[in-house]
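Take the sequence shown: its letter number 118 is residue 118 in UniProt numbering, and every next letter is one higher.
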Amino acid sequence: MKTGNIFYDTLPKIEQEKYKILFEDKSDWYIEDNNGNQNWNQSKEKINDFDDKLKKFIISQYNLSFLHFPPFDIKNYIFKKDREVIFCNSIFYGKTDFNSGFTKYIQETNFENATFREKVDFSQYTFGYKISFKSTTFNKDVDFKLSNFTKYINFRSTTFKKDVNFDEAIFENKVSFWGAIFHDKVHFDSTVFKETFNFTKTQINKITLVNTNVENANLLEISAYDETNPKDPKPLTKDNFENKESARLIKAHFEKQNNITEANKYFVIEQEKYIDELKDKDNKTEGGKLTKLFPLYLNKYVSNFGTDWLRSILILFLWGFVALFLYMTNRYSLFTFPNEFYMANEWNKSNIVTTVFIFIIFVLAYLLNLYFVEVQNYKRKAIIGYFRFLHKHIKIKSKLYKTLMIIKFCILSLVAICIFIFCLYDSNLFNLISKLINPINAFKDDETFKGYEAFGAMVRIISATIIYQIIVAFRQFTRRG
């Protein structure tokens, strides 16, 4: 009778009956408490029977595919021949221990499509031959700390549902994590990669890479794991990094490759983590936190750390309106300047309404620019829910990100059209704003700030700072990547 177990069904009937316990489901062999701890006491006799049968089974062959293992310790078994041991599609229900030197007996090991339901310990273990964990699933913590991988290791499309620790491990040959998914933390602190380290298309929840050399790494297309929608990877954010150093190492890696586009992404994350470190109450930084946080926040909101030239331009225009308001309140009075300015410059009410409208459009454009960047974090905020509502009801066959791009383009187009029409209609307002925020006018015979020189100096210093941010952002944007 067919059981659905491919390997079991190929065995002779005598061996099927003899080794049936090796292929049985072990889900009812243990009791699990509310904390996820397993109790196997009720199945001690079954476990002993399993061990006896497995030892006899190993004598005849090393193909252990499709077996269902209770708690498993490799040191209890003897592998005498130099040949490949296969654990393909096997399921390990209990704690599994491979850290006791069985590589001196085994040439290669294949865990392809295997499932480990409990913690696995490979710590301080020497993998002397090739080993494959392709498409393997680890449901609990797995420990590779201080392990030594001497040959090619394959973690392609592997799923780690809890913490995985590679701290101080040594990879002497190539290793591939292509398409691997890390649901929880992955530790690579002080890890050594002597050959190619392929991390392409991986999804991570949180990673740490302190004191790790990633010079030979392929780190393209890394994305953030989203448990709500695993098939739709999200861009990495600061929340996916344990510390600033991890983001800095990846940034430096892309800078060496002259891939400025990717380097900029990790530079932003590095700066965000730096802000978090400074805000930490336990951080006793020298020189004062405020003096370091102020320029960081300024850089963030003006140009997203020198990577967003459009935000800088919007800020410059917004600052122009603010400078105009301050200028008018100085020249006239806080409560009467609209009427006095209107009378002095022969404006009508439609001019003032249009000015206010354009200012509001600029504010909306800037806020949308902030949101367009921050939406990549996919934090649960009310505004995100609003835009998702729009996305759901707008009949556009595109993802949320593309929908936001269309909305952003429409608002910015409206800004440009309003400015163009208003300048044709009456250019006095923008002429005055241009004079106020143009720092070059400080070197000309300009009487705009006559009697208000200190205020004028402040306006032009701020304007020059914003213009510098625009130049830096443009330079970063146009560098070869």
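Note that the Cβ used here is the ideal one computed from N, Cα and C, for glycine as well.
Taking C-alpha positions only, Y129 is separated from Y468 by approximately 56 Å. Note that the segment 213 to 229 touches the segment 244 to 258; at least 3 beta-carbon pairs, one per stretch, sit closer than 8 Å. DSSP places D121 in the strand class (E or B) of the three-state scheme.
A distance below 8 Å separates the beta carbons of F193 and N213.
Within the model, the alpha-carbon separation for T237 versus D276 is close to 13 Å.
Going by DSSP, V186 is part of the beta strand (DSSP E) stretching over K185 to H187. If you check the CB distance, F72 and G36 do not come in under 8 Å. Note that the segment 455 to 468 touches the segment 312 to 332; at least 3 beta-carbon pairs, one per stretch, sit closer than 8 Å. For the set T159, S147 and E118, the Cα lying nearest the Cα of F133 is the one of T159.
K234 has A224 as its beta-bridge partners, per DSSP.
The secondary-structure analysis by DSSP pairs H68 across a beta bridge with I91.
In terms of CA proximity to K26, R117 leads the group F98, F57, V142 and R117. DSSP places T136 outside any beta strand (DSSP E), giving it a letter other than H or E. Just so you know, the alpha carbons of Q203 and F182 end up roughly 6 Å apart. CA-to-CA, the gap between N48 and Y274 works out to about 55 Å. Under the rule that a run must span 4 or more residues, the alpha helix (DSSP H) segments found entirely inside the segment 274 to 324 read 289 to 303.
Here G306 is buried, its C-beta having at least 16 other C-beta atoms within 10 Å. In the three-state reduction of the DSSP assignment, K13 falls in the helix class. Under the three-state reduction of DSSP, S190 is assigned to coil, being neither helix nor strand.
By the neighbour-count criterion, in which a residue is buried when 16 or more other Cβ atoms sit within 10 angstroms of its Cβ, I31 is exposed.
The three-state reading of DSSP puts K244 in helix, counting H, G and I together.
Going by DSSP, K206 is part of the beta strand (DSSP E) stretching over K206 to T208. Residue pairing of V85 in beta bridges, as defined by DSSP: T109. In this structure, the straight-line span from the alpha carbon of L67 to that of E108 is close to 18 Å. Taking N110 as the centre and dropping the five residues before and after it, the same chain places the C-beta of E84, V85, I86, F87, C88, I131 and S132 closer than 8 Å to its C-beta, in chain order. With distances taken between CA atoms, S147 lies nearest to A169 out of D308, Q42, E17 and A169. In this structure, D167 is the residue among D167, N173 and A180 with its C-alpha nearest to the C-alpha of V210.
Taken atom to atom, the span from the alpha-carbon of N198 to that of N63 is near 29 Å.
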